[in-house]
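Line by line, the protein sequences give chains A and B. Going by my numbering, the first sequence opens with residue 1472, and the numbers climb by one from there. Going by my numbering, the second sequence opens with residue 8, and the numbers climb by one from there. Ideal Cβ positions, reconstructed from N, Cα and C, are used throughout, including at glycine. Note that the coordinates shown come from a computational prediction; the quantities given were computed from them, not determined experimentally. Structure, as structure tokens:
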Amino acid sequence: AQSVTQLDSHVSVSEGTPVLLRCNYSSSYSPSLFWYVQHPNKGLQLLLKYTSAATLVKGINGFEAEFKKSETSFHLTKPSAHMSDAAEYFCVIYGNNRLAFGKGNQVVVIP
Amino acid sequence: NAGVTQTPKFQVLKTGQSMTLQCAQDMNHEYMSWYRQDPGMGLRLIHYSVGAGITDQGEVPNGYNVSRSTTEDFPLRLLSAAPSQTSVYFCASRRDSMNTEAFFGQGTRLTVV
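Right, here's the structure in full:
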């Protein structure tokens, strides 16, 4: 079965410093991977997706992620954190007709 | 476009009561699904549907029932509410069952006392 692992359930970053959220996947074949963001009391919004095209994927709000097959990773990065980036982030893998979610990273941005 | 609409936004139930969470989408998507979100657990799939008249179980289906009589609507029924069903529920739709973007509703926060 497909699965993703997100470590560091809580991440604190200072405003203006880089953001790095780690995601490792398990899949028996080439996966489709997504990052979603959830702001407080809101639904989930797609940040970006990888579907076997370019390995470096650019998303909304300055986020990007790099697919690395050798490391089975799909880490999310942003060069400079903004206060509005405070939210929960989910790494998601598609497989077997469904989406499987990681447990999420709660990001706090310190002014 | 309204996208995916869930009602109600908040609900408090007593143990043993039943209720239906409503979900409607106006994008003519084939694939719809229900998730529950609990702290530190991510989102877990309850039930899903790949088209009108077709439903299947996800990871955590016990205590929930679904039907899909139209493309637009995918209600989730709690048959006899239990405190363990206190959670935030999200409905999502996708154009089809392949690896396309999922669109989420705003969620229903359910408390069972």
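- Task: May I ask you to verify whether the stretch 1528–1541 of chain A touches the stretch 1479–1488 of chain A, counting CB pairs closer than 8 angstroms and requiring at least 3?
- Result: no
- Of all the alpha helix (DSSP H) runs that stay within the bounds of the stretch 34–95 of chain B, which reach a length of 4 or more residues? none
- Task: Can you say whether Thr-14 (chain B) is buried or exposed, counting buried as having 16 or more other CB atoms within 10 angstroms of its CB?
- Result: exposed
- Message: Is the beta carbon of Tyr-38 (chain B) closer than 8 angstroms to that of Asp-80 (chain B)?
- Response: no
- Roughly how many angstroms lie between the CA atoms of Leu-52 (chain B) and Ser-1555 (chain A), to the nearest whole one? Taking the straight line from one Cα to the other gives about 28 angstroms.
- What residues in the stretch 106–119 of chain B bring their beta carbon closer than 7 angstroms to a beta carbon of chain A? Asn-106, Glu-108, Ala-109, Phe-111, Gly-112, Gln-113, Gly-114
- Message: Which runs of the beta strand (DSSP E) at least 3 residues long sit entirely within the stretch 1490–1541 of chain A? Give them in chain order.
- Response: Taking only runs of at least 3 residues, the beta strand (DSSP E) segments lying wholly in the stretch 1490–1541 of chain A are 1490–1492, 1495–1497, 1503–1509, 1515–1521, 1527–1529, 1535–1539.
- Query: Between which two residues does the beta strand (DSSP E) containing His-1553 (chain A) stretch?
  - Reply: Careful: His-1553 (chain A) lies outside any beta strand (DSSP E) and carries neither H nor E.
- Query: Where does Lys-1540 (chain A) land, buried or exposed, given buried means 16+ other C-beta within 10 angstroms?
  - Reply: The residue in question, Lys-1540 (chain A), is exposed, as its Cβ has fewer than 16 Cβ neighbours within 10 Å.
- With respect to the beta strand (DSSP E) encompassing Glu-1580 (chain A), which residues constitute its N-terminal and C-terminal limits? Note on identity: in this sequence residue 1580 (chain A) is Val, with Glu being the wrong assignment. Note, Val-1580 (chain A): beta strand (DSSP E), 1576–1581.
- In the DSSP assignment, what residue or residues form a beta bridge with Ser-1544 (chain A)? Its beta-bridge partners are A:Asn-1495, A:Lys-1539.
- Which residues does DSSP pair with Gln-13 (chain B) in a beta bridge? B:Cys-30
- Using the beta-carbon of each residue, which ones in chain B are nearer than 7 angstroms to Ser-1480 (chain A)? In chain order, Gly-47 make up the part of chain B whose C-beta sits under 7 angstroms from the C-beta of Ser-1480 (chain A).
- Does Leu-1492 (chain A) get closer than 8 angstroms to chain B when you measure Cβ to Cβ? The beta carbon of Leu-1492 (chain A) does not come within 8 angstroms of any beta carbon belonging to chain B, so the residue lies off that interface.
- Can you tell which of B:Cys-98, B:Tyr-71, B:Phe-97 has the C-alpha that lies nearest to the C-alpha of Leu-85 (chain B)? B:Tyr-71
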